[in-house]
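Just so we're aligned, residue 53 is where the sequence shown starts under this note's numbering, counting upward by one.
Just so it is clear, CB atoms sit at the ideal spot from N, CA and C, and this is done for glycine as well.
Here the structure comes first, spelled out in structure tokens, and everything after it is commentary.
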Amino acid sequence: MNVQEGLQRVEQLALGSKIARLSAQPLKYLLGMAFMKIIYPITKKGIMVKTRTFFGADLQLVLPSGMDIFLTGGKSHVSEIRLAKFMINTLKEGEQFIDVGAHLGYFSTLAAHLVGAKGNVLAFEASKNTFALLSKNLQGLPQASCLNQAVSDENGVLSFYEFPILYSEYNTMEIKQFEQENWFIKNKPSKADVTTITLDEFIIQHHLQPNLIKIDVEGAEYRVLMGMKNFLKNNFKCPIVMEYLNVERHNTAHQDAANLLRALGYASFIIDPEGKLLATPDVNRYLLHNNLESDNIVFQKNEPSI
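Structure (structure tokens):
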């Protein structure tokens, strides 16, 4: 089974019924559901497991976070499936990928598979706990490295907030966006200081020429982009993939980030079901029209005229 066929299998399981997922891997499904529905609500403690992804890499997860990867072999939200398709269509052997907000490393390990031994994957993760998982998942991949730092608009130290394992994908420097969520009251985050770095400085120091940059930093996207403004001004070939929230979820930071990119000559695109790009100038309208809470939006420039 090649990588496209593997991802198609993930999509089928994600869109299928509970019976279909049970039939595909009965023991895994029953264990996963028993843990999430019975054990975790009592203990409030995660459990570490290892699972095989659709592209052949073994990932360590802490359930219940990552349950979709455990049960299907991939991240199963429609936006994440489309992003995986876009990466498969875009990244070539020997290329470079930067993952800002890598979490446990699902997209970083996929990129490492796509760029091969001659490529280069750099993953940033600010959470100390999540970074421990990321580091384990990138072990044995000489083309991949990870840094326990936050990417921002200046070098220094900032406060970072980490949620319990079930909500760890929301770890952030910008906590106010979640304060009105129902789950926030019972799942208050812990606070830690993290060192920050700018991509402008990092790219120059390490002589990088990235072919794709993914940014998923829960409301700190504008800071990340401000810290790579020189690269953005001079770059014509590297797409920027950024999570973008629905306007009803108080997406001011995402709108500011998108406006900055547009001011620097970037156009916005959605990823279609085949992993191809469709020009979408009004992202807010697209999300509202399709009743989406968020999506991965690609920003890229046209080639300069000669």
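From the DSSP output, in three-state form, read off residue i for me.
i	result
residue 203	strand
residue 269	coil
residue 359	Since the first residue shown for the chain is 53 and the last is 358, residue 359 is missing from the structure and cannot be characterised.
residue 332	coil
residue 177	coil
residue 252	helix
residue 88	helix
residue 112	strand
residue 147	coil
residue 154	coil
residue 324	coil
residue 285	helix
residue 345	coil
residue 242	strand
residue 53	coil
residue 211	strand
residue 297	strand
residue 195	coil
residue 257	helix
residue 264	strand
residue 141	helix
residue 307	helix
residue 189	helix
Measure how close the beta-carbons of residue i and residue j come, nearest whole angstrom, since I'm counting them as under 8 Å.
i	j	result
residue 291	residue 254	Not really, about 18 Å apart at Cβ, beyond 8 Å.
residue 105	residue 182	Actually they do not touch by this definition, with Cβ atoms about 17 Å apart.
residue 137	residue 59	7 Å
residue 121	residue 66	With 8 Å as the limit, residue 121 and residue 66 do not qualify as a contact, their Cβ atoms being about 11 Å apart.
residue 256	residue 294	So it is not a contact: roughly 22 Å between Cβ atoms.
residue 80	residue 123	6 Å
residue 142	residue 264	6 Å
residue 214	residue 241	6 Å
Hey, how far is the Cα of residue i from the Cα of residue j?
i	j	result
residue 139	residue 163	7 Å
residue 186	residue 114	11 Å
residue 321	residue 296	12 Å
residue 209	residue 201	10 Å
residue 312	residue 78	48 Å
residue 309	residue 287	17 Å
residue 298	residue 131	13 Å
residue 64	residue 266	25 Å
residue 90	residue 157	27 Å
residue 339	residue 327	18 Å
residue 222	residue 173	23 Å
residue 61	residue 112	20 Å
residue 88	residue 300	29 Å
residue 305	residue 243	21 Å
residue 103	residue 125	7 Å
residue 283	residue 316	10 Å
residue 53	residue 76	16 Å
residue 269	residue 98	23 Å
residue 74	residue 68	10 Å
residue 94	residue 72	28 Å
residue 55	residue 333	31 Å
residue 38	residue 319	Past the boundaries of the shown model lies residue 38; the chain is included only from 53 to 358, so the question cannot be answered.
residue 135	residue 245	31 Å
Taking all protein chains shown into account, do 16 or more other C-beta atoms lie within 10 angstroms of the C-beta of residue i, making it buried, or fewer, making it exposed?
i	result
residue 370	This structure cannot speak to residue 370, because the chain is shown only from 53 to 358.
residue 324	exposed
residue 212	buried
residue 342	exposed
residue 110	exposed
residue 205	buried
residue 100	exposed
residue 357	Because residue 357 carries a pLDDT of 42, less than 50, the predicted location of this residue cannot be relied on, and the following value inherits that uncertainty. Exposed is the call here.
residue 116	buried
residue 82	exposed
residue 57	exposed
Flag residue i as yes when its Cβ comes closer than 6 Å to any non-hydrogen atom of the ligand NAD, and as no otherwise.
i	result
residue 281	Looking at this structure, you won't find the ligand NAD or any other ligand, since it has none at all.
Is the region 276-284 in contact with the region 244-264, if contact means three or more CB pairs nearer than 8 Å?
Yes: at least three Cβ pairs fall under 8 Å.
Looking at C-beta atoms only, is the number of pairs between the region 155-175 and the region 184-201 that lie closer than 8 Å three or more?
In this structure the region 155-175 lies against the region 184-201, because at least three pairs of beta carbons, one per stretch, are closer than 8 Å.
For the 8 Å Cβ check, are there 3 or more pairs between the region 171-186 and the region 140-160?
Using a Cβ-Cβ distance cut-off of 8 Å, the region 171-186 and the region 140-160 are in contact, since at least three pairs of beta carbons, one from each stretch, lie closer than that value.
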